[in-house]
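Just so we're aligned, residue 9 is where the sequence shown starts under the working numbering, counting upward by one.
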Amino acid sequence: MTYKITEEDNITTIFLDGEIDMDKTEEVKEVIFPKIDSGKDVVLNLSNVQYMDSSGISVLIESHQKALEKGTKVIIKDVSKSVLKVIMMAKLEQILNLE
């Protein structure tokens, strides 16, 4: 998994690339959580994430909850078909901010 971060005004966009599974979740948290803690809205671009397992979904949920606690938002954008399928199977499309 690789990532790229862009910052504009009060929004941080994180472009994730590759697979997000149990081996990568800690690394993903280390990228996302500090940005949420900084009080900015975070956009997660998942267009290049080919695979995400339940531990990856867990990171999305934790990120969403952490943002709610901080009074910010995590917006999930450009979700790849394979990841969207997992989100829909878990019935999380109503909970997560998908765009």
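Here a beta-carbon is modelled for each residue, glycine too, at the ideal position from N, C-alpha and C.
Taking only three categories from DSSP, how would you classify residue i?
i   : result
L2  : The question about residue 2 has no answer, for the chain in this structure spans 9 to 107.
L76 : helix
D29 : coil
S62 : helix
L52 : strand
P19 : A quick correction: the sequence has Ile, not Pro, at residue 19. If DSSP states are grouped into helix, strand and coil, I19 belongs with the strands.
I83 : strand
Let me make sure I understand the geometry here. Which of the options has the alpha-carbon closest to that of residue i?
i   : options             : result
E16 : M60, V50, M97, T80  : V50
I95 : L68, A75, V82       : L68
K74 : K37, L92, L106, M60 : K37
D29 : S66, T80, L76       : S66
K32 : T21, K48, Y11, K43  : Y11
G47 : T14, S90, G79       : G79
I19 : I40, E35, M9, Q102  : I40
L76 : N105, K99, V91, M60 : N105
With distances taken between CB atoms, is the gap from residue i to residue j smaller than 7 angstroms?
i   : j    : result
H72 : V82  : yes
S55 : S88  : yes
K85 : E107 : yes
I22 : L52  : yes
Y59 : E35  : no
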